[in-house]
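Accompanying notes for the structure given below.
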Amino acid sequence: MLGAIIGDICGAVYEFNNRKTTNPSEINLVNKKCYFTDDTVLTVATAEVLLQKRNYTYAYKEWGCRYLHAGFGGTF
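Numbering (our numbering), first residue to last: 1 to 76.
This is the structure we're talking about:
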């Protein structure tokens, strides 16, 4: 789960701004533009469900409402 969160945060800046390069040094994975998205929010909610034996629906709604700015689609 930590890997998923790190990948989400580092990759968020490239989600709609794809870069194609064969030179890895051109990619700056950790910078001030990095941010978490709805993927991280739901990953944390899933961890809470598994650790505390909560209901998925309630946990997702609670975490989703807490972080509405994270990029959830309108149908969430």
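Virtual Cβ for every residue (Gly too), placed ideally from N, Cα, C.
Rounded straight-line distance, which links the Cα of residue j to that of residue i
{"i": "Met1", "j": "Thr43", "result": "7 Å"}
{"i": "Ala47", "j": "Phe76", "result": "19 Å"}
{"i": "Gly64", "j": "Val49", "result": "14 Å"}
{"i": "Lys32", "j": "Asp38", "result": "19 Å"}
{"i": "Phe72", "j": "Ala45", "result": "14 Å"}
{"i": "Ile6", "j": "Asn17", "result": "18 Å"}
Anticipated Cβ contact below 8 Å, residue i with residue j, distance rounded
{"i": "Val30", "j": "Ala70", "result": "That belief does not hold up - the Cβ atoms of Val30 and Ala70 are roughly 19 Å apart, past 8 Å."}
Do the segment 22 to 35 and the segment 56 to 66 make contact, defined as three or more Cβ pairs closer than 8 Å? no
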